[in-house]
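With the working numbering as the guide, the letters of the sequence shown map in order to residues 1302 to 1614. To start, the structure under review is shown below, and the notes come after it.
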Amino acid sequence: MEDFYEVKVQEIKQLTPTIKSFTFISENTELPSFGAGSHITLHLPMGMRQYSLINNPLDMINEYEIAVKKTGHLESGSTYLHEDIYEGDVVKVSPPDNYFPLQMEGKHHVFFAAGIGITPFWSMMSYLRSLGESFELHYAVSGQDACPFYNEMNERYANQVTYYLMDRDSKTKKLKERLRELKVGTHVYICGPQSYMDFIVKYTRELGYPKKYIHEERFKARKIEHPTRFKVTIVNENKTIQVNSNQSLLEALHDAGITIPSACRQGICGSCEVKVCNGEVLHNDTFLTANEKTDKMLTCVSRGKGHISIAVE
1302 MEDFYEVKVQ
1312 EIKQLTPTIK
1322 SFTFISENTE
1332 LPSFGAGSHI
1342 TLHLPMGMRQ
1352 YSLINNPLDM
1362 INEYEIAVKK
1372 TGHLESGSTY
1382 LHEDIYEGDV
1392 VKVSPPDNYF
1402 PLQMEGKHHV
1412 FFAAGIGITP
1422 FWSMMSYLRS
1432 LGESFELHYA
1442 VSGQDACPFY
1452 NEMNERYANQ
1462 VTYYLMDRDS
1472 KTKKLKERLR
1482 ELKVGTHVYI
1492 CGPQSYMDFI
1502 VKYTRELGYP
1512 KKYIHEERFK
1522 ARKIEHPTRF
1532 KVTIVNENKT
1542 IQVNSNQSLL
1552 EALHDAGITI
1562 PSACRQGICG
1572 SCEVKVCNGE
1582 VLHNDTFLTA
1592 NEKTDKMLTC
1602 VSRGKGHISI
1612 AVE
């Protein structure tokens, strides 16, 4: 499989004052197919950036579609796409990955989205509708003008979408009411700002809802405030290295000539997992279970405290 493909920007649409959609096509190569919930990685001047695919995988005709909200940061990927990319331009894209797949054994699918977190669900809903599956969306958004698919959503899913346009306390109360109504066999999917996602996850756990039925989309790891240096002894390599405050353990290992697998580099796929033999770890991933975190860590986002020992395969 290719590491990346060169694709052309076929169309750009202004969906809201701060959100644009981008359609990429390949005129020379057949692009890999994808599943609902997948994302692509764009190779941009400021680095690689991941964006959810919004088109229905069943309707894909050699094209990828994404929707991106401009964050306002001058050197961000979203600002670059909004201000420096035009129709006809060529960009590099890695093949789709899917760390947020639909669980098709679910009897019912409930999506909780906030803001631009609607993007993975737009693909999922059209896919499920094509298959005649049961689903509903609960969408917290600041207003109609901030909703990127408002008219289409009301036309396609009028009876399956609930909007949350009220104040925070009312929104919290209403969301809790819906969460308390979840039935056995329902799968819950969450995407949005970290505080929103943390609230939904925390409340489902308080309700005792099975963790295996709760699915999160996080492209950014939870931020560790003021990261500090730490030492790592790789026991099966008889080597000790130092990880600086501005680098990850994964980067430090690679710099020391110790190569381990990696993919997302966001703490969501688990490919860079290592065994922890000794020491305290500041876990920052959304992949490992609480039990797994007793003797494992993801080197892309988690950090040691002081001096830790690990083993790599």
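All residues carry an ideal CB built from backbone N, CA and C; glycine is no exception.
- Counting C-beta atoms within 10 angstroms of its own C-beta, Leu1432 has fewer than 16 neighbours from the protein chains shown and is therefore classed as exposed.
- When C-alpha distances from Lys1472 are compared across His1488, Gln1461 and Tyr1497, the shortest belongs to Tyr1497.
- With respect to the 9 Å criterion, Glu1581 and Gly1558 are not classified as neighbours on the basis of their beta carbons.
- For the pair of segments examined, the stretch 1353-1369 was found not to touch the stretch 1526-1537: the number of CB pairs separated by less than 8 Å stays below three.
- In this structure, Ser1339 lies away from Ser1427, with their beta-carbon atoms at least 9 Å apart.
- The residues Phe1588, in chain order, have a CB closer than 6 Å to that of Gly1571 in the same chain once the five nearest residues on each side in sequence are set aside.
- Remark: C-beta atoms of Tyr1490 and Thr1463 do not approach each other more closely than 9 Å.
- With at least 16 other beta carbons inside 10 angstroms of its own, Thr1317 counts as buried.
- If you draw a straight line from the Cα of Thr1380 to the Cα of Asn1539, it comes to about 45 Å.
- Boundaries of the beta strand (DSSP E) harbouring Glu1366: Glu1364 to Lys1370, taken from the DSSP string.
- As computed with DSSP, Gly1605 is found in a beta bridge with Val1582.
- Taking the Cα of Gln1548 as reference, the smallest distance to any Cα among Cys1601, Tyr1451 and Ser1353 is reached at Cys1601.
- Beta-bridge partners assigned by DSSP to Tyr1464: Tyr1440.
- A Cβ-Cβ contact shorter than 9 Å links Cys1578 with Val1536.
- When DSSP states are grouped into helix, strand and coil, Lys1408 belongs to the coil group.
- With fewer than 16 other beta carbons inside 10 angstroms of its own, Ser1546 counts as exposed.
- Looking at Tyr1352, Lys1474 and Leu1483, the one whose alpha-carbon comes closest to that of Cys1492 is Tyr1352.
- In the DSSP assignment, Gln1543 falls within the unbroken beta strand (DSSP E) covering Lys1540 to Val1544.
- Here Ala1591 is exposed. Its C-beta has fewer than 16 other C-beta atoms within 10 Å.
- Here Gln1567 carries a coil assignment [DSSP, helix/strand/coil].
- Rounded to whole angstroms, the gap between the alpha carbons of Gly1389 and Pro1333 is 21 Å.
- Assignment of Ile1355 by DSSP, reduced to helix, strand and coil, places it in the coil class.
- Around the beta carbon of Gln1315, fewer than 16 other beta carbons sit within 10 angstroms, so the residue counts as exposed.
- The three-state secondary structure of Gln1495, taken from DSSP, is helix.
- Taking 9 Å as the cut-off, the beta carbon of Val1442 is found no closer than this to the beta carbon of Val1308.
- DSSP, read as helix, strand or coil, puts Leu1429 in helix.
- Arg1350 is bridged by DSSP to Leu1343.
- One alpha carbon belongs to Tyr1514, the other to Val1394, and they sit about 31 Å apart.
- Here Val1533 is buried, its C-beta having at least 16 other C-beta atoms within 10 Å.
- Here Pro1358 is not near Phe1325, since their CB atoms are 9 Å or more apart.
- One Cα belongs to Arg1350, the other to Ser1563, and the distance between them is close to 15 Å.
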